[in-house]
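The working numbering numbers the first residue of the sequence shown as 44 and each following residue consecutively.
One structure is given here, and the rest of the page talks about it.
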Amino acid sequence: METIFGIIAAMIFALYTAIVIKKTGGIPYSISETYYRLENPKWFSVCMALVGFTFFGSAIGRTPDTCQFLVFLSLLGVLIIALSPRFKEKTEGVIHYTGTAILFLSSQAWVACTNPWLLLIWLLPLIYIIRHVIADNIKTDLWSKIVFARPAFWLEITGFFILLFNLLLL
Numbered sequence: 044m045e046t047i048f049g050i051i052a053a054m055i056f057a058l059y060t061a062i063v064i065k066k067t068g069g070i071p072y073s074i075s076e077t078y079y080r081l082e083n084p085k086w087f088s089v090c091m092a093l094v095g096f097t098f099f100g101s102a103i104g105r106t107p108d109t110c111q112f113l114v115f116l117s118l119l120g121v122l123i124i125a126l127s128p129r130f131k132e133k134t135e136g137v138i139h140y141t142g143t144a145i146l147f148l149s150s151q152a153w154v155a156c157t158n159p160w161l162l163l164i165w166l167l168p169l170i171y172i173i174r175h176v177i178a179d180n181i182k183t184d185l186w187s188k189i190v191f192a193r194p195a196f197w198l199e200i201t202g203f204f205i206l207l208f209n210l211l212l213l
């Protein structure tokens with residue numbers, strides 16, 4: 044049953060991301076930015092909460108007792124993100140970014156406790172971003188080249204991929 048929850052989490056995240064890319068005609072700057080792109084932005088919150096709960100349902104039973112609290116913190120982080128999606132607003136943005144930090148730190152610490160070698164996957168988006176910036180022949184400033192590479196999106200995708208792949212290995 045726990046494996047099914049992991050598969051559901053992966054499917055929800057992949058379907059949400061694919062639908063948003065298709066509907067908006069391009070890769071967003073970040074997963075959170077998709078909230079502003081949708082006709083019904085509540086889908087962002089619904090999908091993130093569903094991913095959080097299904098991830099939790101899959102991970103909690105297969106995680107060693109010593110690091111189960113990291114699974115709880117990851118769920119807390121994603122729920123904070125889901126409940127405060129308007130990151131461009133000052134107050135809600137602080138809450139949203141706090142949830143992002145909690146999710147990132149706790150989830151990657153969970154991976155480090157269970158399958159630390161998976162953290163090497165972080166090299167892939169970094170190599171892509173560096174390669175994209177170096178290979179871009181457009182005469183613009185460095186920051187514009189970095190933004191055009193959509194680093195936040197690729198880093199978020201990598202983070203979720205690592206989490207969901209870790210579930211398969213547990």
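For each residue, glycine too, the CB sits at the ideal point set by N, CA and C.
Relative to the C-alpha of residue i, which candidate in the options has its C-alpha closest?
i, options, result
"tryptophan 86", "Asp108, Arg129, Pro194 and Phe115", "Arg129"
"glycine 95", "Arg105, Gly49, His139 and Val137", "Gly49"
"valine 154", "Ile47, Asn209 and Pro71", "Asn209"
"threonine 201", "Ile177, Lys131, Thr109 and Ile170", "Ile170"
"leucine 119", "Arg105, Thr109, Pro107 and Phe98", "Phe98"
"threonine 157", "Leu126, Pro84 and Ala102", "Ala102"
Are the beta-carbon atoms of residue i and residue j separated by less than 8 Å?
i, j, result
"leucine 116", "isoleucine 70", "no"
"histidine 175", "serine 75", "no"
"serine 88", "alanine 195", "no"
"cysteine 90", "tyrosine 59", "yes"
Starting from residue i, trace the alpha helix (DSSP H) in both directions and tell me its first and last residue.
i, result
"isoleucine 64", "45-67"
"glycine 200", "The sequence as given places isoleucine at residue 200; glycine does not occur at that position. Element bounds for isoleucine 200: 194-212."
"lysine 131", "That residue, lysine 131, is in no alpha helix (DSSP H); it is neither H nor E in DSSP."
"cysteine 90", "85-102"
Quick check on the burial criterion: 16 or more other C-beta atoms within 10 angstroms. Buried or exposed for residue i?
i, result
"leucine 207", "buried"
"phenylalanine 243", "A query on residue 243 cannot be resolved here, the shown segment of the chain reaching from 44 to 213 and no further."
"phenylalanine 112", "exposed"
"leucine 122", "buried"
"valine 63", "buried"
"valine 114", "buried"
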